[in-house]
């Protein structure tokens with residue numbers, strides 16, 4: 459889905475896939491909510507959407523923001539091409555707004571400064587400071603408040 463190609467049409471029937479996987483795709487989407495609303499049409503009832511998404515709140519990203527500002531990095535949330543940034547809560551909210559229910563999560567993480575990270579986790583009570591990426595499993599919700607096809 460781009461400004462030049464606003465239609466999202468896959469050459470397959472709707473409700474075809476049991477599982478759809480996004481590997482750092484939400485960060486590159488101009489409109490992640492619309493993308494998810496479109497993708498969910500291609501999932502069967504109770505189909506799974508698995509997403510690996512960078513965490514904007516990872517301690518290395520925070521340090522880079524303080525040191526260099528919004529200069530793109532080789533990897534992580536500030537990687538060149540990433541135009542959307544997600545915390546755990548904003549990713550969860552996006553999935554819910556797009557008609558998905560989280561069913562599981564895993565954390566891919568490391569810390570270049572473990573002592574600093576542990577101190578910040580205690581101070582902020584944010585357990586996701588060492589999460590470089592979230593790997594989230596969610597299922598398509600049938601009782602979704604929008605009628606399919608009526609959103610812009």
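Residue numbers (the numbering used here): 459 to 610. Built from N, CA and C at the ideal position, the CB exists for glycine as well.
For residue i and residue j, I'd like the C-alpha separation in whole angstroms.
i, j, result
"residue 598", "residue 559", "7 angstroms"
"residue 466", "residue 525", "39 angstroms"
"residue 550", "residue 501", "19 angstroms"
"residue 542", "residue 567", "20 angstroms"
"residue 528", "residue 536", "7 angstroms"
"residue 608", "residue 481", "Residue confidence is low: residue 608 scores 48 on pLDDT, short of 50, so the model does not pin down where it sits. No coordinate-derived value is stated."
"residue 469", "residue 581", "50 angstroms"
"residue 572", "residue 579", "10 angstroms"
"residue 564", "residue 496", "25 angstroms"
"residue 583", "residue 547", "14 angstroms"
Is DSSP giving residue i helix, strand or coil here?
i, result
"residue 547", "helix"
"residue 479", "strand"
"residue 555", "helix"
"residue 577", "helix"
"residue 590", "strand"
"residue 486", "helix"
"residue 610", "Confidence is the limiting factor: at residue 610 the pLDDT is only 41, short of 50, which leaves the residue's position unreliable and the question unanswerable from this model."
"residue 611", "Outside the shown range of the chain, which is 459 to 610, sits residue 611, and nothing can be said about it."
Pull up the CB-CB distance for residue i and residue j, whole angstroms please, since I reckon it's below 8 angstroms.
i, j, result
"residue 569", "residue 517", "6 angstroms"
"residue 533", "residue 505", "Not a contact, Cβ separation roughly 30 angstroms."
Across which residues does DSSP place residue i in a beta bridge pair?
i, result
"residue 596", "507 and 560"
"residue 565", "592"
"residue 537", "531"
Ranges of the beta strand (DSSP E) found wholly within the stretch 489-528, counting only runs of at least 3
Counting only runs of 3 or more, we get 501-512.
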